[in-house]
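Engineer:
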Amino acid sequence: MGCCASAPLGSPYPQQQANANPNSSSRAITSSQPPSQAALPRPSTNASSRSQPQPQPQPQPRPHTHRSRDPAAPYPNKPLKLHTWTSKNKIWTRQELDKERTDFFDTRVDGRAEIWQALKASLEVLWSGGDPGESDGGLATAQMILDAAGITIPSGDLAVGGSFDPFGYRYLLDEHIVSDPTNISYALPAADDEDKTGDEESEEVDEEEIIRRREEKGKGVLKEADLMVILAKLSDRDNKPLKVTISKQDSVRLVAHKILEASNLEPPRHIKIHYMGQPLKESQTLQAQGWNEDDVLNAFVF
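Count the sequence shown with full-length UniProt numbering and you get residues 1 to 302, in order.
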């Protein structure tokens, strides 16, 4: 037999190298093993890439609404409950709370308008304490409003964790928007501390006292043509709208005071007048704000 290292002339098989390593078969088997550490690529030693700090994202102010869950996921929901809290940073007055709440809902630009309207309507029920026949402070009525709008509250508290619309967007409400603090002050603000806005008077005055003085002096005698009878539906009772005689020149603030007197409510109760679902500005007359004499005013008692 011929040598295994040789091949006949013209053979189609390549001739093996005479100096081939006899251990080549063992090398082929072990070649599937992981390469040594020396064969691994070394990480970059560029000092600038390690020494330069990576930019950190800047914190952004939290909007009152944002998408926080999958609309297709089941929404946890708990029964609505009253929010009770005590203010630690300041003593809120009735006037300050009313203004904060009005400004809050008038300036909502994020989220869905119909959801904000439903939240406001449910809160107005809670602010008024519900109807006289309701022993739960209006929770049942407010819950029906929220359910009709598809609003869910995982915590059951509108001031804790927010509420969600059917599309998964969350709506956040501060606690002074949701309810009054337990240490609210009912003292009237001093003239120097009153809010000054472009469409509000810079100072609140006792209009009833001014009219009384003018009448005594004969300079402010009210003419019969200036008088009118208005209808006001009080939120604390199921009776028919209350009839109150006022002057066409009376501001909403004075009208609210006359409604309060005619309703026989004892202090420190207050009345806030709404028309067509919107609060009226206290420094202006009813007619200046588009009120029709045949329409019933809503008087929220708190």
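We treat Cβ as the ideally placed atom computed from N, Cα and C, and that holds for glycine.
Can you check which of these residues, Asp110, Ile153, Gly138, is closest to Pro79 by C-alpha distance?
Structural biologist: Nearest C-alpha to Pro79: Ile153.
Engineer: In its own chain, which residues sit with a C-beta less than 6 Å from the C-beta of Leu126, not counting the 5 before and 5 after it?
Structural biologist: Gly138, Ala142, listed in sequence order.
Engineer: In whole angstroms, what separates the C-alpha of Arg237 from that of Phe167?
Structural biologist: Roughly 37 Å separates the two Cα atoms.
Engineer: What does DSSP give as the partner residue(s) for Ala299 in the beta ladder?
Structural biologist: Beta-bridge pairing links Ala299 to Leu234, Ile273.
Engineer: Quick check on the DSSP output: the alpha helix (DSSP H) that includes Val160 runs from which residue to which?
Structural biologist: It is not in any alpha helix (DSSP H) - Val160 carries neither H nor E in the DSSP assignment.
Engineer: Identify every residue that forms a DSSP beta bridge with Ile246.
Structural biologist: According to DSSP, Ile246 bridges with Met228.
Engineer: So, is the C-beta of Gln95 closer than 7 Å to a C-beta in chain B?
Structural biologist: The structure shown contains no chain B; it holds only a single protein chain.
Engineer: So, for Lys90: in the same chain, excluding its five sequence neighbours on each side, which residues have a beta-carbon less than 7 Å away from its beta-carbon?
Structural biologist: Result list for Lys90: empty, nothing under 7 Å.
Engineer: Taking the alpha carbon of Ile177 as the point to measure from, which residue in Gly150, Ser122, Pro132, Ser263 has its own alpha carbon closest?
Structural biologist: When each option's Cα is compared against that of Ile177, the closest is Ser122.
Engineer: With DSSP collapsed to three states, give me the class of Thr285.
Structural biologist: In this structure, Thr285 counts as strand in the three-state DSSP scheme.
Engineer: How would you label Val252, buried or exposed, when you count the other beta carbons within 10 angstroms and need 16 or more for buried?
Structural biologist: Classification of Val252: buried, given that the 10 Å Cβ count is 16 or more.
Engineer: Taking the C-alpha atoms as reference points, what is the distance between Trp85 and Leu158?
Structural biologist: Answer to the nearest angstrom: the Cα atoms are 13 Å apart.
Engineer: From the DSSP secondary-structure annotation, give me the bridge partner or partners of Gln278.
Structural biologist: Answer is Tyr275.
Engineer: Here's a check: name, in chain order, each residue in its chain whose Cβ is nearer than 7 Å to the Cβ of Glu114, leaving out the five neighbours to either side.
Structural biologist: Taken in chain order, the residues that qualify are Ala149.
Engineer: Mind checking who Ser251 pairs with in its DSSP beta bridge?
Structural biologist: Answer is Thr285, bridged to Ser251.
Engineer: Can you check whether the CB of Asp226 is closer than 7 Å to the CB of Lys258?
Structural biologist: In this structure, Asp226 does not lie closer than 7 Å to Lys258 by Cβ.
Engineer: State the Cα-Cα distance for the pair Leu82 and Lys240, rounded to the nearest angstrom.
Structural biologist: About 29 Å.
Engineer: Hey, which unbroken runs of the alpha helix (DSSP H) at 4 residues or more fall wholly within the segment 93-179?
Structural biologist: As far as the segment 93-179 is concerned, its whole alpha helix (DSSP H) runs of at least 4 residues are 94-106, 113-128, 139-148, 175-178.
Engineer: For Ser87, write down the residues that DSSP places opposite it in a beta bridge.
Structural biologist: Beta-bridge pairing links Ser87 to no other residue.
Engineer: Could you round the C-beta distance between Ser235 and Ser128 to whole angstroms and report it? I think they count as a contact, below 8 Å.
Structural biologist: Ser235 to Ser128, Cβ: 4 Å. Contact.
Engineer: Out of Ser155, Leu297, Gly290, state which residue places its alpha-carbon closest to the alpha-carbon of Ile271.
Structural biologist: It is Leu297.
Engineer: So if DSSP puts Ser185 in a beta bridge, which residue, or which two residues, is it bridged to?
Structural biologist: According to DSSP, Ser185 bridges with Thr93.
Engineer: Determine the burial state of Arg101: buried for a count of at least 16 other Cβ atoms within 10 Å of its Cβ, exposed for fewer.
Structural biologist: Buried.
Engineer: Between Val255 and Ile273, which are expected to be in contact by the criterion C-beta below 8 Å, what is the C-beta distance as a whole number of angstroms?
Structural biologist: With a Cβ gap of about 6 Å, Val255 and Ile273 count as contacting.
Engineer: Classify Glu293 as helix, strand or coil using the three-state DSSP reduction.
Structural biologist: The answer is coil: DSSP assigns Glu293 none of H, G, I, E or B.
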